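Heads up: the sequence shown begins at 132 in this note's numbering, then just goes up one per residue.
All residues carry an ideal CB built from backbone N, CA and C; glycine is no exception.
Computed from a prediction, not measured in an experiment: that's the story for all the values here.
Following: one structure in structure tokens, then a few remarks.
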Amino acid sequence: MLGVETTTAQAAPPVEAAVDEALFRAAMTGLAKCVAVTTALGPNGPVGCTTTSLMSLSVAPPSVLLAFGAGGRTLDDLLGAGRFAVNVLSHTQGPLVRRFATGTAAQRFEGTPHAVLRGVPVLRDAAVVMTCDVAETFSAVDHVLVVGTVRHLTAAPGAPLVLVTGEPHITTPVPPTPAAADNLR
132 MLGVETTTAQ
142 AAPPVEAAVD
152 EALFRAAMTG
162 LAKCVAVTTA
172 LGPNGPVGCT
182 TTSLMSLSVA
192 PPSVLLAFGA
202 GGRTLDDLLG
212 AGRFAVNVLS
222 HTQGPLVRRF
232 ATGTAAQRFE
242 GTPHAVLRGV
252 PVLRDAAVVM
262 TCDVAETFSA
272 VDHVLVVGTV
282 RHLTAAPGAP
292 LVLVTGEPHI
302 TTPVPPTPAA
312 ADNLR
């Protein structure tokens, strides 16, 4: 018949078993990721936390996207201040990964060389420092996504740290294999 739509019944997709939380966590921990310390100036002084959920979002305007657990101390002060810094850790800053993941704000900054730039604390010797204004926030599951517009950026030579299986690592380029080199010619 012309002009008449017909539909075919589709079987419902099979119900999948829930993903095991421990397995999911282990799989995500095994992925290599950038490791940074995100800092802000709270009402009681500098605050900061280790951040592994960081990505470039846009070049125009230069923007980054970060995810924070909802209700975190650093997140609350960061949103209150309206600005923050992303300090991508250098190969010499491995101990800061754990320091900024535990303890109080005062303990995190104790003995950590830092300065204030554009009203936010920045870590000395970081591989990359970006000071950002909060542009947007979004709630997602049990996290808050923060979009920051980058207002100032410095980048030092050298490789930044990456986190793999919960431990800081230094990256080393893998030499191309002969077959891969032939494909480039």
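### Message
Quick check: the Cα distance between arginine 204 and threonine 169, rounded to an integer number of angstroms?
### Response
Counting from 1 along the sequence shown, the entry for residue 204 is found at position 73. Counting from 1 along the sequence shown, the entry for residue 169 is found at position 38. When rounded, the distance between both Cα atoms is 12 Å.
### Query
Are the beta-carbon atoms of glycine 279 and valine 259 separated by less than 8 Å?
The residue given as residue 279 occupies position 148 in the sequence shown. The residue given as residue 259 occupies position 128 in the sequence shown. No, Cβ-Cβ distance for glycine 279 and valine 259 is not below 8 Å.
### Message
For arginine 230, which residues in the same chain have their Cβ closer than 6 Å to its Cβ, ignoring the five residues on either side in sequence?
### Response
In the sequence shown, residue 230 corresponds to position 99, counting from 1. Answer for arginine 230: Arg239, listed in chain order.
### Query
Mapping DSSP to helix, strand and coil, what is glycine 234?
On the sequence shown, residue 234 is found 103 positions in, with the first residue counted as 1. Note: glycine 234 maps to coil in three-state DSSP.
### Message
Whole angstroms are fine: how far does the CA of alanine 201 sit from the CA of glutamine 224?
### Response
Residue 224 sits at position 93 when you count from the first residue of the sequence shown. Residue 201 sits at position 70 when you count from the first residue of the sequence shown. Roughly 26 Å between the two C-alpha positions.
### Task
Alpha carbon to alpha carbon, how far is arginine 214 from threonine 243? Give it in angstroms, no decimals.
Here the question's residue 243 lines up with position 112 in the sequence shown. Here the question's residue 214 lines up with position 83 in the sequence shown. One Cα belongs to threonine 243, the other to arginine 214, and the distance between them is close to 20 Å.
### Message
Rounded to the nearest angstrom, what separates methionine 186 and proline 174 at their Cα positions?
### Response
Locating residue 186 in the sequence shown gives position 55, counting from the first residue. Locating residue 174 in the sequence shown gives position 43, counting from the first residue. So the two alpha carbons sit approximately 28 Å from each other.
### Task
In the DSSP assignment, find the unbroken alpha helix (DSSP H) run with arginine 156 in it and report its ends.
For the purposes of this step, residue 156 is taken as residue 25 along the sequence shown, with counting starting at 1. Its alpha helix (DSSP H) spans residues 152–160.
### Close-in-space but distant-in-sequence residues of the same chain around proline 193 (CB under 6 Å, 5 per side omitted)
Numbered from its first residue, the sequence shown carries residue 193 at position 62. Closer than 6 Å at the Cβ level, and outside the excluded window around proline 193, lie Val281.
### Query
In its own chain, which residues sit with a C-beta less than 8 Å from the C-beta of histidine 222, not counting the 5 before and 5 after it?
One-based indexing of the sequence shown puts residue 222 at position 91. Once the five neighbours on either side are set aside, the close Cβ partners of histidine 222 are Ala258, Gly289, Ala290, Pro291, Leu292, Ile301.
### Task
Inspect the beta-carbon positions of alanine 216 and valine 251 and report whether they are closer than 8 Å.
Within the sequence shown, numbered from 1, the residue matching residue 216 stands at position 85. Within the sequence shown, numbered from 1, the residue matching residue 251 stands at position 120. A contact, by the Cβ cut-off of 8 Å.
### Task
Compute the Euclidean distance between the alpha carbons of serine 189 and leucine 196, then round it to the nearest angstrom.
One-based indexing of the sequence shown puts residue 189 at position 58. One-based indexing of the sequence shown puts residue 196 at position 65. Rounded to whole angstroms, serine 189 to leucine 196 spans 9 Å at the Cα level.
### Query
In chain order, what residues of the same chain have a beta carbon less than 6 Å from the beta carbon of alanine 198, not counting five sequence neighbours either side?
Here residue 198 refers to the residue found at position 67 of the sequence shown. Same-chain partners within the cutoff: Ser184, His274, Leu276.
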